Each structure stands twice: as C-alpha cells, then as structure tokens.
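Asker:
Residue numbers (mature numbering (1 follows the signal peptide of the UniProt record, and there is no 0)): -26 to -1, 1 to 153.
1. With H, G and I counted as helix, E and B as strand and the rest as coil, what does DSSP make of residue 16?
2. I'd like the ranges of any alpha helix (DSSP H) spanning at least 4 consecutive residues and lying wholly in the segment 17 to 72.
3. Return the CA-CA distance between residue 103 and residue 137, expressed in angstroms with no decimal places.
4. Could you spell out the range, first to last residue, of the beta strand (DSSP E) harbouring residue 97?
5. Restricting to runs no shorter than 3 residues, where is the beta strand (DSSP E) found entirely within the segment 109 to 151?
6. Look at residue 33 and residue 75 and say whether their C-beta atoms are less than 8 Å apart.
7. Pick out whichever of 114, 69, 149 and 17 has its Cα sitting closest to the Cα of residue 78.
8. Could you check if residue 15 is buried or exposed, using at least 16 other CB atoms within 10 Å of its CB as the buried criterion?
9. Counting beta carbon pairs with one atom in the segment 17 to 28 and one in the segment 52 to 65, are three or more of them shorter than 8 Å?
10. Distance check for residue 88 and residue 132, CA to CA, integer angstroms please.
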C-alpha cells in the first residue's frame, strides 16, 4: 500500500513537472516571436523616419550645422547613441534631406520588406536585410516617382526596448542619388 501511494505521488509530481516545462517552453517561443516582431517594428519605424523628408523642412534643416543636428533628434529614441553618431558621420539622413531640397520633392518609404539574417538571443540582437520602396512627390507638378533601396539594419535590446545599433545601404536607390 505504501509503495502504491509512493508511486502515485511520484507520478503526480512527474506529470506536474512535464506540464510546467511544456508551458514554459511554449511561453519562451511566444516571447521570441514577440521580440522578433517588436524588433522588426522598431526597424520599420527607423526606416520610415530615415526616408521621410519634406522639401520645405529640408531647407530649414540644412541652413546650419545646428539645424542639421536637430534634424537627427528624431532618431535618438529608436537608435543607440553610437548609431546616431554613425548616421550623422556617414551623412545618411543628410543625403535624404539634400535630395529632397535639390529636387524640390517630399520623400517617404511606402513599403518595407524584411528578411531576418541574424539572431543572437543571449546578446538580445536581431539583424534584417530590407528592401524599401521610396517615393518622391515633386512640389511643382505633384508627379510621383518610386525606386527601391536595399540595406541592412541591426537591432539590440537596450534599456528595455529595441534600438537600431547598425544600418547600412547595400544597393543605393537611383532616386536618392540625384543631387
């Protein structure tokens, strides 16, 4: 009788452990998906900000170095400090503003597609290749022109949120090289 009771208790404990472990693994898988989708949403927000420019505001932003620096303020909430410094040093956003000003057009990303290329769970990082469709709307005649640009964006989980820590353009849009 004691042996039967002992077996029942051990069986009950084993079943409970299996259920808890199974639920825990399912929760971890769901968290990973949520993290990836949240990271991708941050990447999309960053790219929308990067490719957005209005010809009137571009003129104001390029008048002085102080204004150029202020134009980059919108990136501080979604990128690491080093990433913002790199964007400024590489003139990534400056290029967008300059194209908008010279061509007297507004720019924006109309579609962004992602492909995950990198994941490091321990370091809390994701990497995505992207293809962004960029649209120009010219001030003079409201003519629209589209082209694509391809690149890479890396994200890190920092300060309880996803932030862009790396960005590079692999294939330049012809539209964004018209100076």
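In this text, a Cβ means the ideal position worked out from N, Cα and C, and glycines have one as well.
From a predicted model like this one, the values you see are computed outputs, not experimental measurements.
Answerer: A quick look at the data gives this:
1. helix
2. 29 to 35, 39 to 45 and 55 to 63
3. 16 Å
4. Residue 97 -> no beta strand (DSSP E), and no H or E assigned at all.
5. 118 to 132 and 135 to 145
6. yes
7. 114
8. exposed
9. yes
10. C-alpha separation (whole angstroms): 21 Å.
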